[in-house]
Amino acid sequence: MIKKCLFPAAGYGTRFLPATKATPKEMLPILTKPLIQYGIEEAVEAGIHTMAIVTGRGKRAIEDHFDRSYELEHQIKDTSKDPLLAEIRALIANCTFSYTRQVEMKGLGHAILTGETLIGEEPFAVLLADDLCSCGGDNVLQQMINIYEKYQCSIVAVEEVPKEQTDQYGIVVGNIIEGTDDTYRIVDMVEKPNPKDAPSNMAIIGRYILTPDIFDILRKTKPGRGKEIQITDALLEQAKQGKVIAYKFKGKRFDCGSVDGFVEATNYFYGKRKALK
Ligand code: UTP
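If you count the sequence shown from 1, position 59 lands on 65 in this note's numbering, and the numbers rise without skipping.
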């Protein structure tokens, strides 16, 4: 069973400067909800109620968001605005939130290792809130948990990206697992390869299920691309033992860490909301 979800949320979000100078990227809203709330809701829908968040300097707004705000709540009580807080109230009531700080931003792998203290010795999910996903049926995390239950090893969600974009992603090479059309056993992976050197166009997106041995591997992982400790490099060690599955998820992903993806997501969710009204 996957009981905990880790949210690495310590990055600087430089692509959104100056908006992210004093506001965490994870708090930027798509319509009226911050990105990280979508992520927490996805985890809850997948049956997870223990949230572990890796933050950093200037990210205190995330903690405040997942807490009561007595003055505000008192102010809008019994007004038409009160229901606007219903979703966040339900999350606060149904989840626990723990935080730890990444003191130096040494990469995603390092952020995940920083979260060890909140996770312990059990398999766990990782969700990068700036990858916002929309699915018709089961959400991406739920789809991945279903795959984990079958294979009991690390799982990464992948999608095919245009070849010229491979230098923005961890790229995997895998062998299709017989009897499936969406599940691959990874044999190689490389962080942000130049398009001309990329071994495939299958890109890892911001959803992972990791087995806890990843922490020991991360401890030994040397800084790689961009001098950061890369989760891709650590996963390659597991992959060498045949213990990483790439899963082509069903659904649509928006890269809300980029301005284009953020605007696309905003338009998409606005269209969806309009259609409901
Ligand atoms: P990104 O590569 O999107 O980096 O990180 P970033 O700093 O957030 O954004 P840009 O590129 O400067 O605009 C991917 C995820 O990993 C987390 C980020 O918070 C984001 O969720 N991360 C990255 C950390 O938590 N710590 C790090 O040291 C690096």
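For each residue, glycine too, the CB sits at the ideal point set by N, CA and C.
Everything numeric in this text was worked out from a predicted model, so none of it was measured.
Here S104 is bridged, per DSSP, to A58. Take H71, set aside five residues on each side of it, and the residues of its chain with a beta-carbon closer than 8 Å to its own are M33, P40, I42, Q43 and I94, in chain order. The set of residues with CB atoms less than 6 Å from any heavy atom of the ligand UTP reads, in chain order, P14, A15, A16, G17, Y18, G19, T20, R21, K31, V60, Q108, M111, K112, G113, L114, H116, A117, L134, D136 and G263. Shown here, I220 sits in a helix according to DSSP, grouped into three states. As summarised for the region 95-155, the continuous beta strand (DSSP E) elements at least 3 residues long and confined to that stretch are 102-107, 130-133 and 137-140, given in chain order. Non-local beta-carbon contacts of D239 in its own chain, meaning distances under 6 Å to residues more than five positions away in sequence, involve T227 and G230 in chain order. In the same chain as A28, and ignoring 5 residues on each side of it, the C-beta atoms closer than 7 Å to its own belong to G64, in chain order. For K256, no beta strand (DSSP E) segment is defined, and its DSSP state is neither H nor E.
Excluding five sequence positions before and after Q148, the CB atoms of its chain that fall closer than 6 Å to its own CB belong to A52, given in chain order. CA-CA distance, P218 to M57, rounds to 16 Å.
Between G212 and L133 the beta-carbon gap is near 6 Å, inside 8 Å, which marks them as a contact. Sorting C11, L23, I36 and A25 by C-alpha distance to the C-alpha of K278 places I36 at the top. In this structure, the beta-carbon distance from A245 to I192 falls below 8 Å. When C-beta atoms of the region 176-185 are compared with those of the region 68-87, fewer than three pairs fall below 8 Å, so the two segments do not count as touching.
In this structure, A252 is the residue among A252, T123 and I235 with its C-alpha nearest to the C-alpha of D188. Pairing E234 with K112 gives a Cβ-Cβ distance under 8 Å. Proximity to I8 across I215, D144 and A16 peaks at I215, based on C-alpha coordinates.
For N200, the closest alpha carbon among the candidates T172, I220 and N273 is that of T172.
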